Amino acid sequence: MKLAALSGALALAAASAAQAAAPPILPPVPYDAGPETFVGRLATDLPGNRVLNQMEIGARAFWRADYATAKPALDDAIMRIDSVFSDNANAAKARKLWYDEGSKDFKGEPYERAMVFMYRGLIYLHDADYENARAAFRRGLMQDAFAEEDQNRSDFALLLFLDAWASHLNGDTDLRDETMVQLKKLRPTYGGIGEKDDTLVLAETGLAPRKLGDGASHSFFVYRRGKPILENQVQVLNGAAPMQAYPMEDIYYQASTRGGREIDKILAGKAQFKATTGGIGSFLSDTTVALSENNAAFSAGGQYGDAVAAVGVLSGVLLIVSSSSKPQADVRTWSSLPDTVHVLTLGTGGGTPNLTANFLKAGAPVAEKPITCATDANRKQLCLVRAH
Numbered sequence: 018m019k020l021a022a023l024s025g026a027l028a029l030a031a032a033s034a035a036q037a038a039a040p041p042i043l044p045p046v047p048y049d050a051g052p053e054t055f056v057g058r059l060a061t062d063l064p065g066n067r068v069l070n071q072m073e074i075g076a077r078a079f080w081r082a083d084y085a086t087a088k089p090a091l092d093d094a095i096m097r098i099d100s101v102f103s104d105n106a107n108a109a110k111a112r113k114l115w116y117d118e119g120s121k122d123f124k125g126e127p128y129e130r131a132m133v134f135m136y137r138g139l140i141y142l143h144d145a146d147y148e149n150a151r152a153a154f155r156r157g158l159m160q161d162a163f164a165e166e167d168q169n170r171s172d173f174a175l176l177l178f179l180d181a182w183a184s185h186l187n188g189d190t191d192l193r194d195e196t197m198v199q200l201k202k203l204r205p206t207y208g209g210i211g212e213k214d215d216t217l218v219l220a221e222t223g224l225a226p227r228k229l230g231d232g233a234s235h236s237f238f239v240y241r242r243g244k245p246i247l248e249n250q251v252q253v254l255n256g257a258a259p260m261q262a263y264p265m266e267d268i269y270y271q272a273s274t275r276g277g278r279e280i281d282k283i284l285a286g287k288a289q290f291k292a293t294t295g296g297i298g299s300f301l302s303d304t305t306v307a308l309s310e311n312n313a314a315f316s317a318g319g320q321y322g323d324a325v326a327a328v329g330v331l332s333g334v335l336l337i338v339s340s341s342s343k344p345q346a347d348v349r350t351w352s353s354l355p356d357t358v359h360v361l362t363l364g365t366g367g368g369t370p371n372l373t374a375n376f377l378k379a380g381a382p383v384a385e386k387p388i389t390c391a392t393d394a395n396r397k398q399l400c401l402v403r404a405h
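Sequential numbering of the sequence shown, starting at 18, is according to the working numbering.
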């Protein structure tokens, strides 16, 4: 009877093991492709991939100046991120459940969540809504600070810079200067924002960080820099001497300083099971101890022998299940992010500038691209270019 019962336990353990597999990865989409593929996936993909698809739609539509598509995609991603990663009691409860159950519902790593708010804030800048832009950038900083239940200090310099820029455009010089003090601690070589600057040039280079499963059964993940990196510097040409854009943020750095984590730190429940049973080399496992404390299992009438056999079978089963049920790392990642974000501010007096980006690798020119500038209702300029 006990062996029969243990067979049932084995079936349950095997079912649990089957759930340890990582969510399937769909075929890659070219880096420079538009949002269409991901729009189509919204209707057919797993619900757990919705935030990832909306991230892809948002960024890819943003870089095509299709803000009508980018806005709702980013807003939907933000709403779902906020349900778990927000500074309130309800989100804290949801966040604990999300970690404890090893959720397959993609919400992104801290750097990915921060970048959702970055793109949304840039759209607010485009619309001359500087206060909401600043709020978005600050919410992105909060996402960078989230490390499970610990609130750590953010080091996302790009978002600090954009916070200061939004305050500058809004005429809030005190807020701008306060933020610049914080930014200088992270980027002491950055020259600052000129009092008459009214134009922001934001350039993206390189390819998104890669998230790779590693270890036995790919039970944890590490980050590697996107490849190939064909350029790592940006000059802005305006008919005069070239101006060097400042490399404000290394997205790979943001990923890798939060990446490389053992998956049990995210899927806490499964990892505890793995750590407990995976280490047993004899019958002295937690399960064996639990059975030995059950007096009924060791009662008279020959049941002692059955119980000992049961312990041996179950210990072996747990070793097998532990080996086969190691949680596979979730390597889903936002593929259209850049490697590095560069910025430059300048004064144009309200006129639309004619700018070109010169991309370089180690000082050698690689390619040139026109920079697209948009003028808002207050004659402020947002100029955008990406290498790919």
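Where is the CB? At the ideal position from N, CA and C, for every residue including glycine.
Predicted, not measured: the structure shown is a model, and the values here were computed from it.
Residue i and residue j closer than 8 Å at C-beta
i: Val133; j: Leu219; result: no
i: Leu372; j: Asn255; result: yes
i: Ala153; j: Arg137; result: yes
i: Thr389; j: Thr216; result: no
i: Leu142; j: Ala150; result: yes
i: Phe178; j: Leu200; result: yes
i: Asn249; j: Thr222; result: yes
i: Phe238; j: Ala384; result: no
i: Phe102; j: Arg130; result: yes
i: Gln252; j: Phe173; result: no
i: Lys386; j: Val402; result: yes
i: Asp189; j: Ile268; result: no
i: Arg241; j: Ile42; result: no
i: His405; j: Tyr84; result: no
For residue i, three-class secondary structure by DSSP
i: Leu377; result: strand
i: Ala247; result: The sequence as given places Leu at residue 247; Ala does not occur at that position. Coil.
i: Ala384; result: strand
i: Asp180; result: helix
i: Ala391; result: strand
i: Leu401; result: strand
i: Lys228; result: strand
i: Tyr263; result: strand
i: Thr190; result: helix
i: Leu158; result: helix
i: Leu217; result: strand
i: Leu363; result: strand
i: Phe123; result: coil
i: Phe173; result: coil
i: Val306; result: Model confidence at Val306 stands at a pLDDT of 35, short of 50, so the residue's coordinates are unreliable; what they give is reported in the following sentence. Residue state, collapsed to three classes: helix.
i: Asn312; result: Any reading at Asn312 needs caution, since the residue's pLDDT is 41, under 50, leaving its predicted position unreliable; the model's value is listed next. Asn312 falls in the helix class under three-state DSSP.
i: Leu59; result: helix
i: Tyr207; result: coil
i: Leu139; result: helix
i: Thr86; result: helix
i: Phe134; result: helix
i: Gly198; result: The sequence given here has Val at residue 198, not Gly. DSSP places Val198 in helix when its eight states are reduced to three.
i: Leu354; result: coil
i: Phe79; result: helix
i: Leu91; result: helix
i: Gly319; result: Model confidence at Gly319 stands at a pLDDT of 48, short of 50, so the residue's coordinates are unreliable and nothing is read from them.
i: Val101; result: coil
i: Thr222; result: strand
i: Arg241; result: strand
Residue i burial status per 10 Å Cβ neighbour count (16 or more: buried)
i: Arg156; result: buried
i: Thr392; result: buried
i: Ile140; result: buried
i: Lys228; result: buried
i: Lys124; result: buried
i: Asn70; result: buried
i: Thr196; result: buried
i: Ala87; result: buried
i: Thr206; result: exposed
i: Pro127; result: buried
i: Gln160; result: buried
i: Met135; result: buried
i: Ala90; result: buried
i: Lys202; result: exposed
i: Lys397; result: buried
i: Val360; result: buried
i: Gly276; result: Its pLDDT being 37, under 50, Gly276 is placed unreliably by the model, and the measurement read from it follows with that caveat. With 16 or more other Cβ atoms within 10 Å, it is buried.
Cβ-Cβ separation, residue j to residue i (assumed contact under 8 Å), whole Å
i: Asn375; j: Pro264; result: No, Asn375 and Pro264 are not in contact; Cβ-Cβ is about 15 Å, not under 8 Å.
i: Ala76; j: Leu354; result: 7 Å
i: Ala262; j: Gly243; result: That belief does not hold up - the Cβ atoms of Ala262 and Gly243 are roughly 19 Å apart, past 8 Å.
i: Ala78; j: Pro52; result: 5 Å
i: Ala145; j: Asn395; result: 5 Å
i: Val46; j: Ser352; result: 7 Å
i: Tyr147; j: Ala181; result: Contact flag wrong, Cβ pair sits at about 11 Å.
i: Gly364; j: Gly211; result: 6 Å
i: Leu175; j: Glu73; result: That belief does not hold up - the Cβ atoms of Leu175 and Glu73 are roughly 20 Å apart, past 8 Å.
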